[in-house]
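To start, the structure itself, in structure tokens.
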Amino acid sequence: MKIHASKLCALCAVVFAIAGGSILSAPGRQTQKTPPPPEIPGMVYVPDGDFIMGSSESFPYEGPQRRVFLDGYYIDANEVTNAQYKRFTDSTEHRAPAHWKNDEFDSTAADMPVVNVSYHDAQLYAKWAGKRLPTEAQWEKAARGSDSRKYPWGGFWQDRSSNVSYLFGLGGLKPIGILTDGKSPYGCYDMSGNAKEMTDSFFEPYPGCTVKNDKFGREYIVVRGGSYKTSKALATTYSRDIVKPDEIRPDIGFRCAK
Numbered sequence: 006m007k008i009h010a011s012k013l014c015a016l017c018a019v020v021f022a023i024a025g026g027s028i029l030s031a032p033g034r035q036t037q038k039t040p041p042p043p044e045i046p047g048m049v050y051v052p053d054g055d056f057i058m059g060s061s062e063s064f065p066y067e068g069p070q071r072r073v074f075l076d077g078y079y080i081d082a083n084e085v086t087n088a089q090y091k092r093f094t095d096s097t098e099h100r101a102p103a104h105w106k107n108d109e110f111d112s113t114a115a116d117m118p119v120v121n122v123s124y125h126d127a128q129l130y131a132k133w134a135g136k137r138l139p140t141e142a143q144w145e146k147a148a149r150g151s152d153s154r155k156y157p158w159g160g161f162w163q164d165r166s167s168n169v170s171y172l173f174g175l176g177g178l179k180p181i182g183i184l185t186d187g188k189s190p191y192g193c194y195d196m197s198g199n200a201k202e203m204t205d206s207f208f209e210p211y212p213g214c215t216v217k218n219d220k221f222g223r224e225y226i227v228v229r230g231g232s233y234k235t236s237k238a239l240a241t242t243y244s245r246d247i248v249k250p251d252e253i254r255p256d257i258g259f260r261c262a263k
């Protein structure tokens, strides 16, 4: 049997393509895609990848700016609320926040961030919920995205996007998630203002930081995001504040990760 030279060349090309796996659009055949991560109610997924952390133009302990890689993780879209924390205290008989009266919060505060809880309280809640507190880096990436934003919504300040104080120390908490213009790239709310948020990281100097700070070490936990009591200068994605693990404050809450 004779095979025409052109047909033989065509046949060889097909065999080579199949062997090399380069035929991607054959009838009935589709390319394999990585399935999306499963959805977890109330949480958003932050995919693996790197981001710019810190700032070299702010307070010395917030720099130097550097690139950090993180594996993918989930983080709460919102701060933990009084209503959510009440389910925890009812279930475990853990002590209620200091400002609740007779272990009950005001009915108007159900959807406001729970505050006046310590780092240890937040850890216990997270464990009860099958979660944990985010690291400082995880918190910042969830707020900042991969494009190095100064604020969760972008590079410039917007009054309608954050619950901060315009007369220092005045103001109050707002229900979670109502400032939709302040949403982060991954879908997190209130990562600028409302309640500061505890992380699971000690206040340590960043790699390459040469400034001295007597607060550096394992005595303080990093809190992030600013609050209704702080100015907008302290409500950036890279702003760092601190609290002792057993300290409670009326402007500090938390969100969880896993």
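Add 5 to the 1-based position in the sequence shown for this note's numbering, that's all there is to it. The beta-carbon is built from N, C-alpha and C at its ideal position, and this holds for glycine as well.
- Residue range N87 to T97 is occupied by the alpha helix (DSSP H) that includes T97, with no beta strand (DSSP E) assigned at that position.
- Judged by DSSP in its simplified three-state form, D246 adopts strand.
- Pairing V122 with K38, the inter-Cα distance amounts to about 43 Å.
- Counting along the chain, K146 sits inside the alpha helix (DSSP H) bounded by residues E141 to R149.
- For A200, the secondary structure class from DSSP, reduced to helix, strand or coil, is coil.
- Put simply, of V227, G176 and Y78 the residue whose alpha carbon is nearest the alpha carbon of P210 is V227.
- In chain order, E84, W144, M196, V228, R229, G230, I257, G258, F259 and R260 place their CB closer than 8 Å to the CB of E202, counting only its own chain and leaving out the 5 sequence neighbours on each side.
- A straight line joining the alpha-carbon of F207 with that of Q70 spans about 18 Å.
- If only uninterrupted alpha helix (DSSP H) runs of at least 4 residues are considered, those enclosed by the stretch 104-188 are 124-133 and 141-149.
- When secondary structure is reduced to three states using DSSP, Y66 falls in the helix class.
- Going by DSSP, D81 is part of the beta strand (DSSP E) stretching over Y78 to D81.
- Within 10 angstroms of the beta-carbon of N107 lie fewer than 16 other beta-carbons, which makes it exposed.
- Closest in C-alpha terms to P40, from the list P52, P46 and G150, comes P52.
- Per the DSSP secondary-structure output, D205 pairs with nothing in a beta bridge.
- In the DSSP assignment, the residues bridged to I226 are F207 and V248.
- Taking C-beta atoms as the reference points, W133 and T185 fail to come closer than 8 Å.
- A262 carries a strand assignment under DSSP once its states are collapsed to helix, strand and coil.
- The continuous beta strand (DSSP E) containing F56 extends over residues G54 to M58.
- Across the structure, G198 and R254 are spaced so that their CA atoms are roughly 15 Å apart.
- The distance from the Cβ of R72 to that of D55 is about 5 Å, consistent with a contact at the 8 Å cut-off.
- Under the three-pair Cβ rule at 8 Å, the stretch 164-171 does not count as touching the stretch 145-155.
- The C-alpha of Y50 lies about 7 Å from the C-alpha of I80.
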